[in-house]
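Data first, discussion second: the structure below is written as structure tokens.
Number of protein chains: 2
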Amino acid sequence: MPKTSQAAGLHRASLDKLHDLDAALELMYYGWRGMTLEADDYLAKQGLSRPHHRILYVVARRPDIAIGALIDVLGISKQALNRPLNLLLERKLLTSKRAPEQHRSKLLRLTEAGRRVEQKASDHERKVMRKAFDRVGVPGAAAWTAVMKAIADNN
Amino acid sequence: MPKTSQAAGLHRASLDKLHDLDAALELMYYGWRGMTLEADDYLAKQGLSRPHHRILYVVARRPDIAIGALIDVLGISKQALNRPLNLLLERKLLTSKRAPEQHRSKLLRLTEAGRRVEQKASDHERKVMRKAFDRVGVPGAAAWTAVMKAIADNN
DNA sequence: TCCTCAAGTCAACATAGTTGACATGAGCGG
DNA sequence: CCGCTCATGTCAACTATGTTGACTTGAGGA
């Protein structure tokens, strides 16, 4: 891992707006960065990065997930999963074992250490979200969720 | 550019929620993807990708921006900017010229073709946002904006 | 004229992804 | 028990996007 603190994107740029929705585009960009910045810093200190966190996050919420299912959820190729996954296994943040009945698949689980890392990283992100939601109250948070669902599903 | 249609991340995963804010974390992830998916498809067809769009977007909103200022806004290194920027110049989507007075800096501008590409790509993103905002009305859109600002500035 | 500073360029590297090809090994049908 | 299927694992080659570090070029100001 190259850097420990991105610093990178800095503050939101103040660009002229050509359209009324330009501010929304920029907010989506800087919002994503704002949410992940501290978590990425924390992960970098652990020698990990975003893909590792994504794996830990999914396995935390689907204990005993098989590798094939993990690939589907993450939407990446088996080969792309390979390196970060092996690192997590070597570091003993994850364990894999054969299923008792279905011996073909390997089932993944977090170790205690893995759970700790996943929680700390996700906590950084949740902290940012909580602070933001606190500003707008329950109805505002509900509106945010409705907008984001519409965007995510784009329907 | 490797693929023309990502398909990638598929639909939102239905993972168990360990915390009440987990849904928000996932919505941020899939929201970003949902907003950029069509634009990235369009860009890929033009042999371009996200960094090229970011450059075009900024230059569109700050005509005659110098390269150093562009680096600051994008938050990447001079060397990282170099390749995508040169591609845009070669393709004549951007022009660069020396400033009349301050001859040290090069000033960037979109060509007509560059303006077209920037508009089409951004239009894809704006379309998604507009559809989402239409669902929740003006107060909902305002709440979304307030939440995103709080996240982006993380203060 | 010399120094500074913006810009450009080259090398080496890390990360994150892709395809393609192939090995291994378990479970199952015949 | 043989052989097929299928999940997993691994190797190689590639693309893209980023990083540092070291250097050149060329314009302008003191």
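Order-wise, the sequence lines are chains A and B. In terms of this note's numbering, the first sequence is residues 1 to 155. In terms of this note's numbering, the second sequence is residues 156 to 310. Each residue gets a CB set at the ideal place from its N, CA and C atoms; glycine is no exception.
Here the C-alpha atom of R281(B) lies approximately 14 Å from the C-alpha atom of V272(B).
Taking the Cα positions, Q119(A) is about 19 Å away from L70(A). A Cβ-Cβ separation of about 16 Å leaves L94(A) out of contact with G68(A) under the 8 Å criterion.
At a beta-carbon threshold of 7 Å, the residues of chain A lying near Y185(B) are A152, ordered along the chain.
Under the DSSP assignment, S96(A) falls in the beta strand (DSSP E) whose first and last residues are L94 to R98. Counting the other Cβ atoms within 10 Å of the Cβ of R188(B) gives 16 or more, which makes it buried. Between the stretch 282-298 of chain B and the stretch 29-45 of chain A there are fewer than three C-beta pairs closer than 8 Å, too few to call the two in contact. A check of alpha carbon separations from H174(B) across D134(A), D153(A), R130(A) and R135(A) identifies R130(A) as the nearest. A178(B) and K172(B) have their alpha carbons spaced roughly 7 Å apart. Excluding residues up to 5 positions away in sequence, R50 and E125 lie with their Cβ nearer than 8 Å to the Cβ of T36(A) in the same chain. In this structure, K97(A) places its C-beta atom within 8 Å of the C-beta atom of L107(A). Against chain B, the CB of T145(A) has a partner CB under 8 Å away; the residue lies at that interface. Relative to L89(A), the option among G31(A), D64(A) and T111(A) whose CA is nearest is T111(A). In this chain, L108(A) is not harboured by any alpha helix (DSSP H); it is covered by the beta strand (DSSP E) spanning K106 to L110.
For S122(A), the CB contacts under 7 Å within the same chain, skipping 5 residues up- and downstream, are Y57 in chain order. When DSSP reads this structure, I65(A) sits in a beta bridge with L108(A).
H208(B) and R104(A) have their alpha carbons spaced roughly 44 Å apart. In this chain, the alpha helix (DSSP H) harbouring L236(B) covers K233 to E245. Counting C-beta atoms within 10 angstroms of its own C-beta, A80(A) has fewer than 16 neighbours from the protein chains shown and is therefore classed as exposed. Not one beta carbon of chain A lies nearer than 8 Å to the beta carbon of A276(B).
Boundaries of the alpha helix (DSSP H) harbouring K200(B): D177 to K200, taken from the DSSP string. Taking a C-beta distance under 8 Å as the contact criterion, L15(A) and R217(B) qualify as a contact pair. For H174(B), the chain A residues whose Cβ falls inside 8 Å of its Cβ are S122 and R126, in order along the chain. Around the C-beta of P84(A), 16 or more other C-beta atoms lie within 10 Å, and the residue is accordingly described as buried.
Burial of G186(B) is indicated by the presence of at least 16 other C-beta atoms within 10 angstroms of its C-beta. A direct Cα-Cα distance of roughly 16 Å separates A215(B) from D227(B). Taking a beta-carbon distance threshold of 8 Å, G202(B) does not count as an interface residue toward chain A.
The beta carbon of I210(B) sits closer than 8 Å to those of L225, L229, L236, P239, L240, L243 and L249, all from its chain and outside the five residues before and after it, given in chain order. Look at A13(A) here: in three-state DSSP terms it is coil, with no helix or strand label.
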